[in-house]
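What follows is a set of notes on a single structure, which appears directly below.
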């Protein structure tokens with residue numbers, strides 16, 4: 002019998018480089034004060050929903066968003082981070098008291114959930130980039146599905162890593178009726194939404210995800226339903 006599960010996806014709060022209108026990509030920038038406040042508000046919106054697993058990118062702004070949000074969760078559970086691909090043996094971070102373990106939530110860090118890599122644009126001011134290369138060219142780099150910025154990734158390339166990871170690592174958990182929170186980035190989450198909502202490449206480029214605003218999906222009988230359960 003299929004069990005109902007909830008998937009929560011949350012774009013990180015405003016980062017310091019979002020605030021200054023800079024291309025960020027894989028540069029590891031923390032949240033701004035506004036981003037911290039957005040993470041707090043997001044945490045209040047999901048505080049009543051049981052969460053069994055958290056997945057986040059390897060970038061600090063996504064991890065900050067997840068941990069700040071969980072500080073307001075009604076369960077009082079403590080997030081603990083797992084990074085399976087590090088050289089350190091995974092068993093070194095195991096919790097050996099079952100009672101303590103019940104009051105923790107595993108957080109899996111995965112580079113596959115990182116933001117789209119913006120290549121040569123990373124660290125550049127978006128407005129100055131428009132002045133240098135023209136609005137039309139920059140718009141293609143930013144908003145087209147399959148045109149990457151110089152030495153960077155397109156949204157299509159990002160989807161090639163995020164969607165297989167979602168299917169392999171998160172879908173089996175949801176199929177068990179367990180709830181999952183993903184704290185990640187605008188483009189990595191857009192590609193997952195594209196998969197869940199069966200969006201075309203024309204539709205997904207119009208999709209905007211607000212910083213610090215949770216998205217909710219219910220999964221049951223192999224069917225996804227977007228809803229507002231906040």
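In my numbering, the protein residues as written are 2 to 231.
Just so you know, even glycine gets a beta-carbon here, dropped at the ideal spot from N, CA and C.
Everything numeric in this text was worked out from a predicted model, so none of it was measured.
Check                                                                                                                                                                              : Outcome
DSSP three-state label for residue 71, please.                                                                                                                                     : helix
Buried or exposed, going by whether 16 or more other CB atoms sit within 10 Å of the CB of residue 211?                                                                            : exposed
Alpha carbons only, please: which of 34, 53, 44, 39 is nearest the one belonging to residue 174?                                                                                   : 53
Please state the DSSP three-state secondary structure of residue 196.                                                                                                              : helix
By how many angstroms is the C-alpha of residue 206 removed from the C-alpha of residue 94?                                                                                        : 40 Å
Taking C-beta to C-beta, are residue 108 and residue 43 nearer than 8 Å?                                                                                                           : no
Is the beta carbon of residue 181 closer than 8 Å to that of residue 56?                                                                                                           : yes
Give me, in chain order, the residues of the same chain whose beta-carbon lies closer than 6 Å to that of residue 51; leave out the 5 immediate sequence neighbours on both sides. : 180
How would you call residue 62, buried or exposed, if buried means at least 16 neighbouring beta carbons within 10 angstroms?                                                       : buried
Hey, residue 115 and residue 25 are a contact pair by Cβ (cut 8 Å); roughly how many whole angstroms apart?                                                                        : Between residue 25 and residue 115 the Cβ distance is about 11 Å, and since that is not below 8 Å, they are no contact.
Helix, strand or coil for residue 117, going by three-state DSSP, please let me know.                                                                                              : coil
What separation, rounded to the nearest whole angstrom, lies between the Cα atoms of residue 159 and residue 153?                                                                  : 10 Å
Does the beta-carbon distance from residue 192 to residue 164 come in below 8 Å?                                                                                                   : yes
I need the boundaries of the beta strand (DSSP E) containing residue 185, first residue and last residue.                                                                          : 181-185
When you compare the stretch 208-225 with the stretch 7-26, are there three or more beta-carbon pairs, one atom per stretch, that lie closer than 8 Å?                             : yes
So the beta strand (DSSP E) residue 110 belongs to, where does it begin and stop?                                                                                                  : 105-110
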